[in-house]
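Per numbering that gives the first Met the number 0, the very first residue in the sequence shown carries number 0; after that it's consecutive. We put the beta carbon where it would ideally sit given N, CA and C, even for glycine. What follows is a short report on a single structure.
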Amino acid sequence: MGDLNYCVVVFFLYNKNKISDKKGDQVKTQQKGLRKVDIGCKSITDNVFRLISNDCFLFTAGNLKKWNTMTAGWGEFGYLWNKYIVTGFVRPQRYTYRFIEKNKYFTFCFFEKKYEKALLFCGEHSGRDYDKAKKTGLTPVPTKLGNVYFKEACLVIECRKIYYQDLDPKKFLDRSIKALYRKHDYHRMYIGEIINCYMK
Ligand SMILES: Cc1cc2nc3c(=O)[nH]c(=O)nc-3n(C[C@H](O)[C@H](O)[C@H](O)COP(=O)(O)O)c2cc1C
Numbered sequence: 000m001g002d003l004n005y006c007v008v009v010f011f012l013y014n015k016n017k018i019s020d021k022k023g024d025q026v027k028t029q030q031k032g033l034r035k036v037d038i039g040c041k042s043i044t045d046n047v048f049r050l051i052s053n054d055c056f057l058f059t060a061g062n063l064k065k066w067n068t069m070t071a072g073w074g075e076f077g078y079l080w081n082k083y084i085v086t087g088f089v090r091p092q093r094y095t096y097r098f099i100e101k102n103k104y105f106t107f108c109f110f111e112k113k114y115e116k117a118l119l120f121c122g123e124h125s126g127r128d129y130d131k132a133k134k135t136g137l138t139p140v141p142t143k144l145g146n147v148y149f150k151e152a153c154l155v156i157e158c159r160k161i162y163y164q165d166l167d168p169k170k171f172l173d174r175s176i177k178a179l180y181r182k183h184d185y186h187r188m189y190i191g192e193i194i195n196c197y198m199k
C-alpha cells in the first residue's frame, strides 16, 4: 500500500449513476424496492473511524442466489483517483474471498449495536459451514444491481471493485504488523468505488 498516494477517511459520495450533484449532498433514490434513503456522504454523521474499528461491518459479495458475508474490522474510507472509495482487507482463506474475487461489486453494511451478536457470528463462523442468514436472522436483499446487502443494516455502501493488491510483507515498515501474520496469510486489499450509499 506504500506506493499508493491517497488520503483515507475522506468520505464523500460520488454517484454518477444517479441524480447526484457530485458533491456528496443528499439525493432522492430512484431505486424501486429499496426503502432506504439514498444519501450523499455529507449526510453521514457517524465517525468513520468508529464505524470501522468499533462497530465493524459485514463485507458481502454475490447475488441473492449465491452470496457470502463476513465480519470485517479493518478498512478505509478515502478519495483516490478522483473517486470516493472504500478499502477492505480479506485473508485468502475466507470463504468470502472467493465471492469477492468472482464478483464485480461488493457491499459494506453497518449495523446498530443490537446486531452485535449477528456480526460476531459472521466473524467466527464460515459460510462454508453455516447459512449465516438463517443463523443470525439477518435478511439478505438485492440492490438494483443485484448485489446483496442486509435489510437490517443502518448504512449500506455499494461498491464497484476497481483495484486489488496482496499485502507484501517486505514492505511492512512497522515490526508489529508482521506479528499479525503468523500464518503468512497476507490480506488481499480491495478498493471499491462507492457507487451507491443507503441509510435507514
Ligand atoms: C470483529 C471481527 C473483525 C474481523 N475483521 C476481518 C477483516 O477485516 N478481514 C478478514 O479477512 N477477516 C476478518 N475477520 C474474520 C472473518 O470475519 C472470519 O474469519 C469469518 O468467519 C470468515 O467467514 P467466511 O469464511 O464465511 O468468509 C474478523 C472477525 C471479527 C470477529
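Problem - CYS158 versus LYS112, VAL85 and LYS143, residue with shortest Cα-Cα distance - result: VAL85
Practice task
Would you tell me roughly how many angstroms separate the C-alpha atoms of LYS175 and PRO168, rounded to the nearest one?
Solution key: Just to set this straight, residue 175 is Ser in the shown sequence, not Lys. For SER175 and PRO168, the distance between alpha carbons rounds to 12 Å.
Handout entry: Reduced DSSP category for ASN53 - H, G, I as helix; E, B as strand; rest coil
Key = helix
Problem - For PHE98, three-class secondary structure by DSSP - result: helix
Handout entry: Burial state of GLU192 (16 or more Cβ within 10 Å)
Key = buried
Problem - CB contact flag (ALA152, PHE109, <8 Å) - result: yes
Handout entry: Where the beta strand (DSSP E) containing ALA71 begins and where it ends
Key = 66-71
Handout entry: Entirely enclosed alpha helix (DSSP H) segments - the segment 98-172, minimum 4 residues
Key = 115-123 and 131-135
Handout entry: Residues near PHE171 by beta carbon distance below 8 Å, same chain, minus five either side
Key = LYS177
Exercise for the section: Rank VAL89, THR59, TYR162 and MET198 by C-alpha distance to the C-alpha of LEU79 and give the top, closest one. Expected result: TYR162
Practice task
Measure the alpha-carbon distance for TYR148 versus ASP173 and round it to whole angstroms.
Solution key: 35 Å
Exercise for the section: Assuming THR95 and ASN67 form a contact by the criterion Cβ under 8 Å, report the distance between their Cβ atoms to the nearest whole angstrom. Expected result: 5 Å
Handout entry: TYR180 (DSSP reduced to helix, strand or coil)
Key = helix
Problem - Contacting residues, own chain, Cβ-Cβ under 8 Å from GLY126 (five flanking each side not counted) - result: ASN67, THR68, MET69, TYR94 and THR95
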